[in-house]
Amino acid sequence: MSEDVFIVGAGIHPFGRTPGLSGLQQGVFAVRQALERAGLAWRDIQFAFGGSDAAGNADTMVSELGLTGIPFINVANGCATGGSAMFGAYSTIKSGEFDLGLAVGFDKHPRGSFSPLPADWGLPDWYGETGLMLTTQFFAMKIQRYMSLHGITPRMLGAVAEKAFANGVLADHAWRREAVDIDTILHSQMVSDPLTKFMFCSPGEGAVALLLASGRKARELGLPAVRLRAAAVRTRPPGSFEVFSPALDLERGGSPTSVASQAAYDMAGVGPEDIDIAQLQDTEAGAEIMHMAENGFCADGEQAAWIAEGRTRIDGSLPVNTDGGCLACGEPIGASGLRQVYENYVQLIGQAGARQAPGKLRLGYSHVYGAPGVSAVAIVER
Amino acid sequence: MPDTLPIPIADGLICPDADGIALLASRERATHRLCFPARPEDDTRYDRVLLPRTGRLWSWTVQRFRPKSPPYAGPEAFEPYAVGYVELDGALIVEGRLVDVAFDDLAIGMAMRVVPLPFPLADGTVRTSFGFAPDGSAGI
Numbered sequence: 153m154s155e156d157v158f159i160v161g162a163g164i165h166p167f168g169r170t171p172g173l174s175g176l177q178q179g180v181f182a183v184r185q186a187l188e189r190a191g192l193a194w195r196d197i198q199f200a201f202g203g204s205d206a207a208g209n210a211d212t213m214v215s216e217l218g219l220t221g222i223p224f225i226n227v228a229n230g231c232a233t234g235g236s237a238m239f240g241a242y243s244t245i246k247s248g249e250f251d252l253g254l255a256v257g258f259d260k261h262p263r264g265s266f267s268p269l270p271a272d273w274g275l276p277d278w279y280g281e282t283g284l285m286l287t288t289q290f291f292a293m294k295i296q297r298y299m300s301l302h303g304i305t306p307r308m309l310g311a312v313a314e315k316a317f318a319n320g321v322l323a324d325h326a327w328r329r330e331a332v333d334i335d336t337i338l339h340s341q342m343v344s345d346p347l348t349k350f351m352f353c354s355p356g357e358g359a360v361a362l363l364l365a366s367g368r369k370a371r372e373l374g375l376p377a378v379r380l381r382a383a384a385v386r387t388r389p390p391g392s393f394e395v396f397s398p399a400l401d402l403e404r405g406g407s408p409t410s411v412a413s414q415a416a417y418d419m420a421g422v423g424p425e426d427i428d429i430a431q432l433q434d435t436e437a438g439a440e441i442m443h444m445a446e447n448g449f450c451a452d453g454e455q456a457a458w459i460a461e462g463r464t465r466i467d468g469s470l471p472v473n474t475d476g477g478c479l480a481c482g483e484p485i486g487a488s489g490l491r492q493v494y495e496n497y498v499q500l501i502g503q504a505g506a507r508q509a510p511g512k513l514r515l516g517y518s519h520v521y522g523a524p525g526v527s528a529v530a531i532v533e534r
Numbered sequence: 235m236p237d238t239l240p241i242p243i244a245d246g247l248i249c250p251d252a253d254g255i256a257l258l259a260s261r262e263r264a265t266h267r268l269c270f271p272a273r274p275e276d277d278t279r280y281d282r283v284l285l286p287r288t289g290r291l292w293s294w295t296v297q298r299f300r301p302k303s304p305p306y307a308g309p310e311a312f313e314p315y316a317v318g319y320v321e322l323d324g325a326l327i328v329e330g331r332l333v334d335v336a337f338d339d340l341a342i343g344m345a346m347r348v349v350p351l352p353f354p355l356a357d358g359t360v361r362t363s364f365g366f367a368p369d370g371s372a373g374i
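Line by line, the protein sequences are chains A and B.
To get my numbering, take the position in the first sequence, counting from 1, and add 152.
To get my numbering, take the position in the second sequence, counting from 1, and add 234.
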């Protein structure tokens with residue numbers, strides 16, 4: 153009999169730029185905040201999974217937190233680092249091995265676009281040398297084709313970004329906390345057609361820590377808790393369209409997101425129609441639109457009506473990216489996926505403050521996507 | 235003309251001939267699945283094949299800022315360039331630079347043809363890469 157798994161506490165270091173702190177120190181900040189909010193001490197934690205993409209080894213934070221001798225597993229899984237850390241912590245508690253642990257993710261990236269090296273991705277040097285190896289190009293070409301097939305317009309992209317910045321104003325951990333109107337978004341500098349500067353997220357900094365417990369432990373602690381109904385990490389199926397692809401199969405297939413999404417729904421025994429709030433990977437404005445369909449919330453092309461009717465706003469029927477997502481919070485790779493779960497946790501326990509979604513929220517859905525074709529989905533229940 | 239092309243930017247990438255260039259790919263013997271770029275020539279699970287030279291634009295964008303170096307090896311002076319995926323007839327959808335076309339004229343579905351692309355490196359030398367240009371011989 154496997155154990156139920158609950159999130160019983162969460163901490164966050166504000167996203168953005170924090171010149172005085174390393175990524176690792178921001179991670180420690182998030183862990184301390186999670187412990188403090190839960191009234192727990194570091195010595196109560198039995199194990200940890202954590203990682204960053206570019207800011208060091210998570211397990212070295214025991215130097216600051218305390219040398220309690222616990223197993224602390226480093227996770228390095230690109231954009232899915234945070235989601236993988238949570239998957240590790242979830243599986244560990246589910247197995248019954250431990251009953252109170254930590255998942256932590258943090259990062260700190262230099263300004264500007266990411267600069268991956270071809271050899272690290274199994275690609276020949278010419279691919280990077282000739283200027284084809286940019287994540288921004290991939291996202292632009294994926295939405296460009298999607299727009300031509302499914303009637304999505306630049307103005308819809310602008311509306312998604314406008315919503316993100318409006319939500320970011322209300323989120324105390326967001327990086328961008330000023331509203332940006334749709335015309336400014338549409339007329340800002342074109343980065344990779346059809347995406348302008350305000351439609352893209354930027355690499356940044358931040359950290360998130362989640363405390364996970366077994367059902368028995370959660371009841372004993374008596375803390376505000378959400379049940380982790382599903383945590384799925386999946387890589388790409390045949391025929392998908394991914395970052396850093398010199399060529400694609402003619403026969404088009406699914407996506408790592410559609411596979412991870414289905415696995416999560418199966419684990420949780422629920423469907424997209426049951427979800428009350430969603431945090432979807434929005435590396436750029438078009439990604440949120442495409443991921444609405446890939447995660448099963450609507451059919452391809454239906455996003456036009458959803459956006460026109462405001463259904464994804466905080467007061468809509470399915471609030472999406474209620475803290476402004478990556479567009480307003482930035483993209484510290486190791487922390488991003490856990491920020492989404494953090495946001496669902498605080499929303500479901502009713503502590504999201506000015507951005508609190510109205511009504512009873514039972515099920516929260518989060519989805520992260522990254523290179524070279526990996527998605528992580530989590531479903532939490534209050 | 236093939237004998238005037240600078241040396242290729244990589245081995246096993248392009249095959250110059252009297253008509254210009256074709257792209258080299260590999261076909262997995264067990265599954266007949268094509269892959270590009272080609273696998274190493276001594277990989278006995280694959281056969282070397284040439285990809286069709288023509289196809290249709292599948293998607294596109296414009297690279298409007300200079301990519302970071304490394305990995306980008308082009309000159310410091312930067313001009314925006316178009317990038318796209320071209321669905322080569324009955325074979326594969328291949329990514330490459332789009333040349334000899336105004337950005338405003340780019341449209342999904344337009345006929346394209348693979349062409350040699352002289353690529354200047356930051357140190358001043360020039361290598362031959364590949365790109366796709368509108369295919370005047372085909373109807374839209």
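Built from N, CA and C at the ideal position, the CB exists for glycine as well.
Which listed residue (the options) has its alpha carbon closest to that of residue i
i	options	result
Ala-412(A)	Phe-290(A), Gly-522(A), Glu-281(A), Gly-208(A)	Gly-522(A)
Val-328(B)	Arg-287(B), Thr-359(B), Ala-307(B), Pro-309(B)	Arg-287(B)
Tyr-280(B)	Val-317(B), Leu-326(B), Trp-294(B), Arg-263(B)	Arg-263(B)
Glu-188(A)	Pro-262(A), Leu-217(A), Asp-434(A), Gly-202(A)	Leu-217(A)
Phe-158(A)	Ala-361(A), Ser-366(A), Lys-315(A), Val-256(A)	Ser-366(A)
Gln-508(A)	Tyr-417(A), Glu-446(A), Asn-319(A), Ala-437(A)	Asn-319(A)
Leu-309(A)	Arg-371(A), Met-442(A), Gly-253(A), Phe-449(A)	Met-442(A)
Asp-253(B)	Pro-354(B), Gly-370(B), Asp-357(B), Val-349(B)	Val-349(B)
Leu-515(A)	Gln-431(A), Asp-211(A), Pro-408(A)	Gln-431(A)
Lys-260(A)	Ile-222(A), Gly-248(A), Ala-210(A)	Ala-210(A)
Ser-354(A)	Phe-290(A), Gly-374(A), Pro-346(A), Gly-264(A)	Gly-264(A)
Phe-224(A)	Ala-313(A), Gly-257(A), Ala-271(A), Gly-482(A)	Gly-257(A)
Gln-185(A)	Gly-172(A), Asp-418(A), Ala-359(A), Glu-495(A)	Ala-359(A)
Asp-205(A)	Ala-232(A), Gly-453(A), Leu-173(A), Ala-190(A)	Ala-232(A)
Leu-284(B)	Cys-269(B), Ala-311(B), Glu-313(B), Ile-243(B)	Cys-269(B)
Met-238(A)	Asp-272(A), Gly-511(A), Gly-486(A)	Gly-486(A)
Ile-243(B)	Leu-192(A), Glu-249(A), Pro-276(A), Gly-356(A)	Pro-276(A)
Ile-427(A)	Gln-289(A), Pro-376(A), His-519(A), Ala-504(A)	His-519(A)
Gly-405(A)	Ile-429(A), Asp-434(A), Gly-423(A), Glu-446(A)	Glu-446(A)
Leu-269(A)	Pro-304(B), Glu-313(B), Ala-316(B)	Pro-304(B)
Gly-253(A)	Ser-174(A), Pro-346(A), Ala-370(A)	Ala-370(A)
Coarse secondary structure for residue i, derived from DSSP in three states
i	result
Met-235(B)	Confidence at Met-235(B) is low in this model, with a pLDDT of 45, below 50, so the placement of that residue is unreliable and no value is reported for it.
His-165(A)	strand
Asn-226(A)	strand
Ala-318(A)	helix
Arg-329(A)	coil
Ala-456(A)	helix
Phe-393(A)	coil
Arg-307(A)	helix
His-302(A)	helix
Tyr-306(B)	coil
Val-180(A)	helix
Asp-281(B)	strand
Ser-243(A)	helix
Glu-155(A)	coil
Gln-499(A)	helix
Ile-374(B)	Its pLDDT being 48, under 50, Ile-374(B) is placed unreliably in this model, and the value from its coordinates should be taken loosely. It is coil, neither helix nor strand.
Pro-204(B)	Nothing about residue 204(B) can be read from this structure; chain B reaches only from 235 to 374.
Leu-252(A)	strand
Pro-365(B)	The sequence as given places Gly at residue 365(B); Pro does not occur at that position. Strand, per DSSP.
Cβ-heavy atom distance, residue i to the ligand SAM, below 7 angstroms
i	result
Gly-253(A)	As presented, the structure is devoid of all ligands, the ligand SAM included, so that no description of it is given.
Paired residues, beta bridge with residue i - DSSP
i	result
Tyr-319(B)	Ser-293(B), Glu-329(B)
Gly-358(A)	Asp-259(A)
Asp-401(A)	Leu-326(B)
Cys-249(B)	Ala-256(B)
Thr-387(A)	Val-526(A)
CB contact check: residue i to chain D, cutoff 8 angstroms
i	result
Leu-247(B)	The structure shown contains no chain D; the protein chains it does contain are A and B.
Next item on the list: Check whether the segment 256–265 of chain B touches the segment 241–248 of chain B, counting contact only when three or more Cβ pairs, one atom from each stretch, lie closer than 8 angstroms.
Entry: yes
Item checked: Proximal residues, the segment 336–365 of chain A versus chain B, C-beta separation under 7 angstroms -> Met-342, Val-343, Ser-344, Asp-345
Notebook entry, point to check: So, do the segment 233–243 of chain A and the segment 292–302 of chain A have three or more beta carbon pairs nearer to each other than 8 angstroms?
Noted result: no
Check: the segment 453–479 of chain A: which residues have C-beta closer than 8 angstroms to a C-beta of chain B, in chain order?
Finding: none
Note to self: Under 9 angstroms, CB to CB, which of the residues in the segment 323–334 of chain B have a partner in chain A?
What the structure shows: Gly-324, Ala-325, Leu-326, Ile-327, Val-328, Glu-329, Gly-330, Arg-331
Check: Between the segment 487–501 of chain A and the segment 159–172 of chain A, do three or more beta carbon pairs fall short of 8 angstroms?
Finding: yes
Note to self: Does the structure place the segment 335–343 of chain A close enough to the segment 378–387 of chain A that three or more beta carbon pairs sit under 8 angstroms?
What the structure shows: no
Next item on the list: Please confirm if the segment 290–300 of chain B is in contact with the segment 334–342 of chain B, defined as three or more CB-CB distances below 8 angstroms between the two stretches.
Entry: yes
Next item on the list: Please name the residues in the segment 287–305 of chain B whose beta-carbon is closer than 9 angstroms to at least one beta-carbon of chain A, in chain order.
Entry: Trp-292, Ser-293, Trp-294, Thr-295, Val-296, Gln-297, Arg-298, Phe-299, Arg-300, Pro-301, Lys-302, Ser-303, Pro-304, Pro-305
Next item on the list: Kindly confirm or deny that the segment 422–440 of chain A and the segment 357–366 of chain B touch, where touching means at least three C-beta pairs closer than 8 angstroms.
Entry: no
Item checked: Three CB pairs or more closer than 8 angstroms across the segment 457–468 of chain A and the segment 274–287 of chain A -> no
Check: Taking one C-beta from the segment 518–534 of chain A and one from the segment 388–396 of chain A each time, how about it: are there three or more such pairs within less than 8 angstroms?
Finding: yes
Check: What residues in the segment 280–304 of chain A have a beta carbon less than 7 angstroms from any beta carbon of chain B?
Finding: Gly-280, Glu-281, Thr-282, Gly-283, Leu-284, Met-285, Leu-286, Gln-289, Ala-292, Met-293, Gln-296, Arg-297, Ser-300
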